[in-house]
Structure formats: C-alpha cells, structure tokens
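Colleague: Numbering (the numbering used here), first residue to last: 2 to 161.
Backbone N, C-alpha and C define an ideal beta-carbon position, used for all residues, glycine too.
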C-alpha cells in the first residue's frame with residue numbers, strides 16, 4: 002500500500018484530521034512527509050491508530066497510551082497496567098449493571114411511583130451511601146453484595 006495523506010487516513014479510520022494533527026503533536030503518530038500542504042503517513046499508521054482507539058475505548062488517557070507505544074511503531078504494553086485497567090472496567094461494568102437493573106425495576110415496578118417501591122428505595126439508599134458500585138445479586142444484587150462486603154469488613158450486616 003502506498004503512503005496516505007491525512008484525508009485518506011481520516012477517511013479510513015474515522016479519526017478527524019484535527020485529531021490526527023493533535024496525535025502527531027503529542028508524539029502518538031508520526032507523518033513521513035508532505036504532499037503540498039497535506040501530511041503523509043505510512044500505511045502502518047492505521048494499525049497504530051487502531052491501538053490508540055482501543056486504548057481510548059478502554060479508558061486509557063493519551064499519556065498512558067503514549068507510554069505504551071514505542072517510536073518504532075510497536076507496542077510495549079505493560080501487562081500489569083492492562084490487567085489493572087481490565088479490573089477497573091470490570092468494576093465499572095458491575096456498577097453500571099446494578100444501576101441498569103435498578104432503573105429497569107423502577108420502570109416495570111407495579112408501585113404507582115418508583116419512590117413508593119421498597120426495592121427501589123433500597124437502591125436509592127445504596128447509591129446515596131456510595132455502595133452501588135458492585136454487581137447486583139438480589140433484586141439489584143447490589144444489596145446482597147454490599148451486605149457481604151460489609152460483613153467482611155465490619156461484621157455489621159445492617160444496611161440502615
């Protein structure tokens with residue numbers, strides 16, 4: 002494949018040209034020259050951009066991504082950092098799952114208003130106490146997991 006100008010890279014990746022210029026300024030990608038006023042890139046930039054997009058989708062900051070990319074284009078991924086980020090994503094997924102289930106329960110609850118529902122009120126109390134960060138187990142599973150966690154940490158099994 003021949004060298005691509007910035008418009009072609011943008012078209013193929015969906016990354017705006019302004020973002021490509023910013024990535025170049027940050028040292029994440031490198032142009033290999035110019036054709037007129039347009040930057041030229043080696044086709045290998047497509048894979049590098051895919052790695053950057055994967056990192057961004059996974060919640061890595063650009064500085065973290067930069068630290069995992071060598072100047073020669075090959076990744077130098079810290080497996081421990083990747084594993085820690087995967088754990089962080091697991092935690093986020095669990096928290097969002099619990100919130101989703103609470104919202105679904107409120108939407109389908111036979112109570113006239115969600116705040117009249119004891120199950121939904123428990124979810125609200127858990128969220129207010131900062132304990133809605135775990136995967137649901139019971140009606141939202143958050144309460145049961147929170148009780149288990151509190152029992153382990155304090156020996157206290159009461160929510161109120």
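Would you give the residue range spanned by the beta strand (DSSP E) that residue 42 belongs to?
Modeller: Segment 39 to 42, the beta strand (DSSP E) holding residue 42.
Colleague: Quick one: Cα of residue 95 to Cα of residue 108, how far?
Modeller: When rounded, the distance between both Cα atoms is 20 Å.
Colleague: Let me check one thing: in DSSP terms, what residues is residue 70 bridge-paired to?
Modeller: BP columns for residue 70 point to 76.
Colleague: Under 8 Å between the Cβ atoms of residue 7 and residue 57?
Modeller: Contact flag unset, no.
Colleague: Tell whether a beta-carbon distance below 8 Å holds between residue 61 and residue 10.
Modeller: Cβ atoms of residue 61 and residue 10: not closer than 8 Å.
Colleague: In whole angstroms, what is the alpha-carbon distance linking residue 51 and residue 27?
Modeller: Rounded to the nearest angstrom, the two C-alpha atoms are 16 Å apart.
Colleague: Whole angstroms is fine: what's the gap from residue 30's alpha carbon to residue 127's?
Modeller: The alpha-carbon atoms of residue 30 and residue 127 are separated by roughly 45 Å.
Colleague: Return the first residue and the last residue of the beta strand (DSSP E) that residue 36 is part of.
Modeller: Counting along the chain, the beta strand (DSSP E) containing residue 36 begins and ends at 34 to 36.
Colleague: Compute the Euclidean distance between the alpha carbons of residue 130 and residue 122, then round it to the nearest angstrom.
Modeller: Answer to the nearest angstrom: the Cα atoms are 12 Å apart.
Colleague: State the DSSP-derived secondary structure class of residue 4, mapped to helix, strand or coil.
Modeller: Looking at residue 4 - three-state DSSP - the assignment turns out to be coil, as it is neither helix nor strand.
Colleague: In the structure shown, what three-state DSSP assignment does residue 136 receive?
Modeller: At residue 136, the pLDDT of 41 sits below 50, so the modelled position is not reliable and the matter cannot be decided from this model.
Colleague: Assuming residue 55 contacts residue 13 under a Cβ cut-off of 8 Å, what Cβ separation, rounded to an integer in Å, is found between them?
Modeller: Actually they are not in contact, since the Cβ atoms of residue 55 and residue 13 sit about 16 Å apart, beyond 8 Å.
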